[in-house]
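Enquirer: Below is the structure I would like to discuss, written out as structure tokens.
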Amino acid sequence: MPSRRSIAVAFMLGLAGCAATRSYDAELAHTLGQASGGNLDSAISRLNASNSSSDKDLLYYFELGMLQRLSSRYDDSQKAWAAAQTRLESRERSAADLLRSASSYVVSDRLRTYEAHDYERVMLLTYVALNHLAMGQLEQARVAIKQTHELEAQIGEARARAIAEVEAEAKKRGAVTSFKELNGYPVETIDSAEVNALKNSYQSALSHYLAGFIYEALAEPSLAAPGYRQANELQPNQPALEEALGGLESRLRGPGDGMTEVLFIVSSGAAPALRSQSFRLPVPVAEKMIIVPFSFPLLMPSPVDDTPLALTIGGAQRLPLSRITSIDLMARRSLKDDMPGIMLRATVRATASATLQYQAQRHGDRDSAAAAGIAAFALTALLQSADDRTWRTLPGEVAIARARLPPGVHEVTLQTRFGEQRAHVNVSGRYAVIDFRVLSRQLFVNAPNAADGADQKPADAGAAPAGLSRTRENQ
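Take the numbering used here: the final residue in the sequence shown is number 463, and no numbers are missing along the way.
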């Protein structure tokens, strides 16, 4: 009759399936490659092929919604992100949730139910608001952006509880949780001056500035001012952000002159990839040192720098681009904050694996010992692989520019390292938001009535009328 230990080993090995060997980084590299060539339908097809199960996970809906947004399929994008939001809000304990809670210190992080990073949850609501703006739905955008404030408060409380729980568990187990003590780990990737300058991993100056702009467009200065003020606190010493707050009252009290207050959002690149890197560390078991694999996630920057250098309107009016949010830095701060918990779980798993190997070596039957050793090493590989899942279709960097323009068609040129990217936008109304996304050599435009993604070209993204009011315009 098989022992309980052998049953447990077989059970956990059976759980691995393709989940433990799946490379999310590789899958999304192919998907992003299609998108950066302007082949959004192919990118979505590849995403679907990689997620063939009928029970789609949270990340699938994150990625799908962004690809559909780049295609200007806003209704479809909102449906995908509503499905993601439903999964985030669900409190039902599925089989996967039970597995995660019962074996949280034993089973590989790759097998745990994916829980969105804090910044991903906030950016989800921010992009839902941007979708509403692209559809001319200002009131709905107000609802979505207000939810980001409420979510930030919830995340702050949850983060404090999580830190306390990890510290208590680590103390009880005598585990080390400082990644600085992990020999060979590239500490500078998550412990730099820029990363440490962030207040936390989830508050975005973009989200708060956008809140200020939406409230301003709705003539609600008492709400607009705190939004701009928070953006300034999160991203200090930015003249464009300071001017938004300082000039708020004069803009709202000034007489109507028929001009349109235009906010240009210029996003570029993709969020950094997570990859697993192994370290062979000695673990003490029964007064012996046993070497076991020990893997941790590393954040890999985009190999291509496609950050726009400047924005020009009509070939003459040059606007400075002010970086307002770096999702790359937010991801690094998030990983830094998560590392104590990751190290705690990894230490427990490494000890369990080392114990199995030690017991296999002591086994009296040579053949059984060999079989047990193979099982132990297989279990080690299963338990130690770091989780590489993260929302990859988010941009890496976000900048803004702002201008007052007469209604009508304007040619906008973005200067990039790949050359000039041009688009024609048709602004109207008192306020307008134009969202550009530069992905390698491809330019996407998100604004009311923007051309379908299939019709967009790097040289000329087509006309995109944009205007905001309390009712839908240009629809």
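All C-beta atoms, glycine included, are put in the ideal place defined by N, C-alpha and C.
As the structure is a computational prediction, the values presented were derived from the model and not from experiment.
Where do the N-terminal and C-terminal ends of the beta strand (DSSP E) with Gln305 fall, by residue?
Expert: Indexing the sequence shown from 1 puts residue 305 at position 317. Per DSSP, Gln305 belongs to the beta strand (DSSP E) from 305 to 307.
Enquirer: List the DSSP bridge partners of Asp376.
Expert: For the purposes of this step, residue 376 is taken as the residue at position 388 of the sequence shown. DSSP lists no partner for Asp376.
Enquirer: For Pro285 and Gly396, I'd like the C-alpha separation in whole angstroms.
Expert: Here residue 285 is taken as the residue at index 297 of the sequence shown, counted from 1. Here residue 396 is taken as the residue at index 408 of the sequence shown, counted from 1. Cα to Cα, the separation comes out at about 49 Å.
Enquirer: What did DSSP end up calling His398 once you bin it into helix, strand or coil?
Expert: The count along the sequence shown starts at 1 and reaches residue 398 at position 410. His398: strand per DSSP, three-state reduction.
Enquirer: Roughly how many whole angstroms lie between the Cα atoms of Arg10 and Ala158?
Expert: For the purposes of this step, residue 10 is taken as residue 22 along the sequence shown, with counting starting at 1. For the purposes of this step, residue 158 is taken as residue 170 along the sequence shown, with counting starting at 1. The straight-line gap from Cα to Cα measures roughly 29 Å.
Enquirer: Provide the residue(s) that pair with Gly407 in DSSP beta bridges, ordered along the chain.
Expert: Residue mapping note: residue 407 aligns to position 419 of the sequence shown, counting from 1. For Gly407, which the question treats as bridged, DSSP gives the partners Thr404.
Enquirer: Using the rule of at least 16 other Cβ atoms within 10 Å of the residue's Cβ for burial, across every protein chain shown, is Ala389 buried or exposed?
Expert: Taking the first residue of the sequence shown as position 1, residue 389 is located at position 401. When all chains shown are included, Ala389 counts as buried.
Enquirer: DSSP on Gln142, reduced to helix/strand/coil?
Expert: Walking along the sequence shown from the start, residue 142 turns up at place 154. If DSSP states are grouped into helix, strand and coil, Gln142 belongs with the helices.
Enquirer: Less than 8 Å between the CB atoms is what I'm expecting for Ser256 and Glu385, so what's the real figure, rounded?
Expert: By one-based count along the sequence shown, residue 256 stands at place 268. By one-based count along the sequence shown, residue 385 stands at place 397. With a Cβ gap of about 5 Å, Ser256 and Glu385 count as contacting.
Enquirer: With Ser65 as the anchor, note down where its alpha helix (DSSP H) starts and where it stops.
Expert: For this step, residue 65 is matched to residue 77 along the sequence shown. Where Ser65 is concerned, the enclosing alpha helix (DSSP H) stretches over 62 to 77.
Enquirer: Thinking just about the alpha-carbon of each residue, which of Val131, His120, Gly124, Arg109 is nearest to the one in Gln142?
Expert: Position 154 of the sequence shown, counted from the first residue, corresponds to residue 142. Nearest option by C-alpha distance: Arg109.
Enquirer: With respect to the alpha helix (DSSP H) encompassing Val116, which residues constitute its N-terminal and C-terminal limits?
Expert: Start at 1 with the first residue of the sequence shown, and residue 116 comes out as number 128. Val116 -> alpha helix (DSSP H) spans 106 to 122.
Enquirer: List the DSSP bridge partners of Asn171.
Expert: As a working note, residue 171 is residue 183 in the sequence shown. Asn171 is not bridged to any residue.
Enquirer: Are Arg321 and Asn220 close, meaning C-beta to C-beta below 9 Å?
Expert: The residue you call residue 321 lines up with position 333 of the sequence shown. The residue you call residue 220 lines up with position 232 of the sequence shown. For Arg321 and Asn220, no; Cβs fall outside 9 Å.
Enquirer: Hey, quick one: how far does the beta strand (DSSP E) through Asp423 stretch, first residue to last?
Expert: As a first step, residue 423 must be located in the sequence shown, where it is residue number 435. First-last of the beta strand (DSSP E) with Asp423: 419 to 427.
Enquirer: How about Ser314 and Gln226: do their beta carbons lie closer than 9 Å?
Expert: Counting from one through the sequence shown, the residue named residue 314 turns up at place 326. Counting from one through the sequence shown, the residue named residue 226 turns up at place 238. Going by C-beta atoms, Ser314 is not nearer than 9 Å to Gln226.
Enquirer: Which one of Ala411, Asn434, Arg380 has the shortest CA to CA distance from Thr19?
Expert: Locating residue 19 in the sequence shown gives position 31, counting from the first residue. Nearest C-alpha to Thr19: Arg380.
Enquirer: Any idea which residues DSSP pairs Ile253 with across the strands?
Expert: Numbered from 1 along the sequence shown, position 265 holds the residue referred to as residue 253. According to DSSP, Ile253 bridges with Ile388, Asp423.
Enquirer: Please state whether DSSP places Pro209 in a helix, a strand or coil.
Expert: On the sequence shown, residue 209 is found 221 positions in, with the first residue counted as 1. In the structure shown, Pro209 sits in a helix (DSSP, three-state: H, G or I).
Enquirer: For chain B, find out if any of its Cβ atoms is closer than 9 Å to the Cβ of Pro383; answer yes or no.
Expert: The structure shown contains no chain B; it holds only a single protein chain.
Enquirer: Between Gln403 and Thr300, is the Cβ-Cβ spacing less than 9 Å?
Expert: Here residue 403 is taken as the residue at index 415 of the sequence shown, counted from 1. Here residue 300 is taken as the residue at index 312 of the sequence shown, counted from 1. In this structure, Thr300 lies closer than 9 Å to Gln403 by Cβ.
Enquirer: If you compare alpha carbons, which of Arg130, His137, Gln66 is closest to Asn119?
Expert: In the sequence shown, counting from the first residue as 1, residue 119 sits at position 131. Minimum Cα distance to Asn119 is reached at Gln66.
Enquirer: Among Leu211, Glu176, His105, which residue has its Cα nearest to the Cα of Arg130?
Expert: Taking the first residue of the sequence shown as position 1, residue 130 is located at position 142. Out of Leu211, Glu176, His105, Leu211 has the C-alpha closest to the C-alpha of Arg130.
Enquirer: If we ignore side chains and look at the alpha-carbon of each, how far apart do Ser238 and Leu170 end up?
Expert: As a first step, residue 238 is located in the sequence shown; it is residue number 250 there, counting from the start. As a first step, residue 170 is located in the sequence shown; it is residue number 182 there, counting from the start. Cα-Cα distance, rounded: 54 Å.
Enquirer: Is the separation between the beta-carbon of Leu307 and that of Ile253 shorter than 9 Å?
Expert: Against the sequence shown, residue 307 aligns to sequence position 319. Against the sequence shown, residue 253 aligns to sequence position 265. Taking 9 Å as the Cβ cut-off, Leu307 and Ile253 do not qualify as a contacting pair.
Enquirer: According to DSSP, simplified to helix, strand and coil, what is Leu46?
Expert: Here residue 46 refers to the residue found at position 58 when the sequence shown is read from its first residue. If DSSP states are grouped into helix, strand and coil, Leu46 belongs with the helices.
Enquirer: Please say whether Pro260 and Thr378 have beta carbons closer to each other than 9 Å?
Expert: To locate residue 378, count along the sequence shown from 1; it is residue 390. To locate residue 260, count along the sequence shown from 1; it is residue 272. Closer than 9 Å, so yes.
Enquirer: Less than 7 Å between C-beta atoms, sequence neighbours within five positions excluded: which residues of the same chain meet that for Gly242?
Expert: Taking the first residue of the sequence shown as position 1, residue 242 is located at position 254. Correct list: empty, nothing qualifies.
Enquirer: Near Leu474, which residues of its chain fall below 6 Å by C-beta distance, leaving aside the five closest residues on each side in sequence?
Expert: Residue 474 lies beyond the residue range present for the chain, which begins at -11 and ends at 463; the question has no answer from this structure.
Enquirer: Quick one: what does DSSP say Leu382 is sitting in, helix, strand or coil?
Expert: Position 394 of the sequence shown, counted from the start, is the residue given in the question as residue 382. The answer is coil: DSSP assigns Leu382 none of H, G, I, E or B.
Enquirer: Three-state secondary structure (DSSP) at Thr313?
Expert: Numbered from its first residue, the sequence shown carries residue 313 at position 325. Three-state DSSP puts Thr313 in a strand.
Enquirer: In this structure, how does DSSP classify Arg10 when only helix, strand and coil are distinguished?
Expert: Counting from one through the sequence shown, the residue named residue 10 turns up at place 22. In the structure shown, Arg10 sits in coil (DSSP, three-state: anything other than H, G, I, E or B).
Enquirer: Using DSSP with H/G/I as helix, E/B as strand and the rest coil, what is Val164?
Expert: Here the question's residue 164 lines up with position 176 in the sequence shown. The answer is coil: DSSP assigns Val164 none of H, G, I, E or B.
Enquirer: Can you tell me where the alpha helix (DSSP H) with Ile32 in it begins and where it stops?
Expert: As a first step, residue 32 must be located in the sequence shown, where it is residue number 44. Segment 28 to 38, the alpha helix (DSSP H) holding Ile32.
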